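The structure appears right after this line, and notes come after that.
Residue numbers (my numbering): 222 to 672.
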């Protein structure tokens, strides 16, 4: 553990607060954030348990201060000018995730991918919890890893959701590394697709022959990570017979310990082909951990999904309303369109992540079940141009709505019995909303008011 040092923490968010609370009793803490103080949620200050913290907001920094350690929060790029400044003065750069790995006595199951991390992590947690109560769920999904560290022992199991931001400068790999679909995301943060891919590589790069890698065989970019690990490799697939867990004739099948039928997919409550991949990944990890088939089946047949992930909010007069606000890239919106096969009205758009909408636009134009599209946010015009390039959209198109109440009302006016209204934006949310949770909650609040 880092003790009795002058430590700078960059980023005053959830992980920054967690790092300060973990290290603060034995060290002198300074917290930096590019935002001005008034922009910081007051609740963030209340969560800070340590006293005598120095704050530097609006990108400011003390020129003559020397720090032994600089801790980078996930949202801060490693080449941030202030980080570079203190590194040149001799500070050692690390992160809360690195500190956790360095001090964790438990087995870590790390889960990463472009989408599906939260659902898969939660599925693994719920399955393991059927037979082992000494299991913890943490990381990008909500609970910072350092918060659970004091509760862990050598018999604990930690399910850790890892984003590309957390993996960027990670110097450790988990005992079991789970690699889901890797496509393209966060190109507004990463310099390019290659840097994003390199960040994901950390999850397997430091594994040994005593570890395991669980990899999605259906995505070539995911399979590339198999070349970088010394771990025993298992695959999961919904398209082919993989060495691990796969889909065949409507059954999820494992061949980890001989051929075993785990569950019929009709018993799985989660909608969509992408969630079958998540289920296969969770089942494969569970088999590696020697969890019983009954526990796997019990969870997969009862788990209803996470908030903001293709979540059925309400059905009113035969119209179903789905909150898929977590969909911030085109691939997950495509998955939502394919998961719900009936007539649908799609709410699409938001702020930029520099995504390519070509394939999504082609799927929308060719899908006769999409009755209408409501385009919102800064990316509305770019999506509209992409749709025009893809061909002629047969349905209705609505634009220039500035609040969620009007958006939901417009969708409601078009909808008929048997239709689904889906908020699946394929974009970030920061132009109109605080975050994807705020966007999804506003949608849900409006839907709940419909009678």
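Backbone N, C-alpha and C fix where the C-beta goes; we use that ideal spot for every residue, glycine too. From a predicted model like this one, the values you see are computed outputs, not experimental measurements.
Assigned with DSSP and collapsed to three states, residue 570 falls in strand. Secondary structure at residue 584: helix, using DSSP grouped into helix, strand and coil.
In the three-state reduction of the DSSP assignment, residue 507 falls in the helix class. Excluding five sequence positions before and after residue 628, the CB atoms of its chain that fall closer than 7 angstroms to its own CB belong to 568, 595, 597, 622, given in chain order.
In the three-state DSSP reduction, residue 624 falls in the coil class, being neither helix nor strand. Contact check for residue 377 and residue 355: beta-carbon distance about 5 angstroms, within the 8 angstroms limit, so the pair qualifies. For residue 438, same chain residues with a beta-carbon under 7 angstroms away, outside a window of 5 residues either side, are 444, 456, 457, 458, 461, 463 in chain order. The criterion of a C-beta distance shorter than 8 angstroms is satisfied by residue 366 and residue 317.
Runs of the beta strand (DSSP E) lying entirely within the region 321 to 379 and spanning at least 3 residues, in chain order: 328 to 333, 356 to 360. For the 8 angstroms CB-CB criterion, residue 233 and residue 250 do not form a contact.
Within the region 408 to 445, the runs of alpha helix (DSSP H) that reach at least 4 residues and sit entirely inside it are, in chain order, 414 to 426, 441 to 444. Collapsing the DSSP output to three states places residue 274 in coil. Residue 387 has its alpha-carbon roughly 16 angstroms from the corresponding atom of residue 403. DSSP places residue 452 in the coil class of the three-state scheme, outside both helix and strand. In the three-state DSSP reduction, residue 230 falls in the strand class (E or B). Shortest Cα-Cα distance from residue 323 to any of 546, 297, 370 involves 370. Taking the CA atoms as reference points, residue 564 sits about 28 angstroms from residue 339. Membership of residue 465 in the beta strand (DSSP E) is indicated by the continuous run 465 to 469. In terms of Cβ geometry, residue 400 and residue 434 form a close pair [threshold 8 angstroms]. In chain order, 348, 351, 352 place their CB closer than 6 angstroms to the CB of residue 516, counting only its own chain and leaving out the 5 sequence neighbours on each side.
Excluding the 5 residues flanking it on each side, residue 335 has same chain C-beta neighbours closer than 8 angstroms at 401, 402, 403, 404, 405, 406, 550, 552, in chain order.
If you compare the alpha carbons of 634, 375, 431 with that of residue 538, the shortest gap goes to 634. Classified as buried, residue 333 has 16 or more neighbouring CB atoms from the shown chains inside 10 Å of its CB. Excluding five sequence positions before and after residue 651, the CB atoms of its chain that fall closer than 6 angstroms to its own CB belong to 572, given in chain order.
Counting C-beta atoms within 10 angstroms of its own C-beta, residue 248 has 16 or more neighbours from the protein chains shown and is therefore classed as buried. The three-state secondary structure of residue 635, taken from DSSP, is helix. Rounded to whole angstroms, the gap between the alpha carbons of residue 558 and residue 277 is 45 angstroms. Between residue 648 and residue 600, the gap from beta carbon to beta carbon is short of 8 angstroms. Distance from the CA of residue 611 to the CA of residue 661, rounded to the nearest whole angstrom, comes to 28 angstroms. Runs of the alpha helix (DSSP H) lying entirely within the region 522 to 548 and spanning at least 4 residues: none are present.
Rounded to whole angstroms, residue 566 and residue 632 show a C-alpha spacing of 7 angstroms.
Membership of residue 303 in the alpha helix (DSSP H) is indicated by the continuous run 302 to 309. Counting only residues of its own chain and dropping the five nearest sequence neighbours on each side, residue 308 has a CB closer than 6 angstroms to the CB of 314. One Cα belongs to residue 465, the other to residue 476, and the distance between them is close to 5 angstroms.
In the DSSP assignment, residue 591 falls within the beta strand (DSSP E) that extends over 591 to 597. Counting along the chain, the unbroken alpha helix (DSSP H) around residue 559 starts and ends at 551 to 560.
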